[in-house]
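Colleague: Note that my numbering has the sequence shown beginning at 714, numbered continuously upward.
Glycine included, every Cβ here is placed at the ideal spot set by N, Cα and C.
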Amino acid sequence: MFTFTAMKNDPLSIPLFEMRLEEIHRADPWLRYEISIRDFIALFPVRYKNGLPVKPEHPAAYGVDREVFLKVLVAFSQCFK
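1. Looking at A788 and I737, is the spacing between their C-beta atoms short of 8 Å?
2. In terms of alpha-carbon separation, which member of F757, L725, F730 lies closest to G776?
3. Whose CA, out of N763, P766, L765, F782, lies closest to the CA of P772?
4. Starting from P766, follow its DSSP beta bridges and name the residues at the other end.
5. Note down, in chain order, each residue of its chain lying with its Cβ closer than 6 Å to the Cβ of C792, except the 5 sequence neighbours on either side.
Here is the structure:
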């Protein structure tokens, strides 16, 4: 019989995700001039549903290209396993 156990929220997951977002921001020359690091991180808040983190949605208020958004999703998946 299989039992599902939800992992406790790791206190380092959110800072690690923010650090990865900073790396994505610094690596993209277009983003560096268009939006600040703090504003970029604010585009992808970590939300929880039933105690589990929910993948960030593509921000409608700001045009983030597909490649950058995919990097954000990969960073999220790596930080919140």
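Modeller: Once the coordinates are examined:
1. Sequence index remark: in the sequence shown, residue 737 carries index 24 (1-based). Sequence index remark: in the sequence shown, residue 788 carries index 75 (1-based). It is a contact, given that the beta carbons lie within the stated cut-off.
2. In the sequence shown, residue 776 corresponds to position 63, counting from 1. With distances taken between Cα atoms, G776 lies closest to F757.
3. Within the sequence shown, numbered from 1, the residue matching residue 772 stands at position 59. If we check each option's Cα against that of P772, F782 comes out closest.
4. Here residue 766 refers to the residue found at position 53 when the sequence shown is read from its first residue. Paired residue(s): Y761.
5. As a position in the sequence shown, residue 792 is number 79, starting the count at 1. Once the five neighbours on either side are set aside, the close Cβ partners of C792 are S726, L729, F730.
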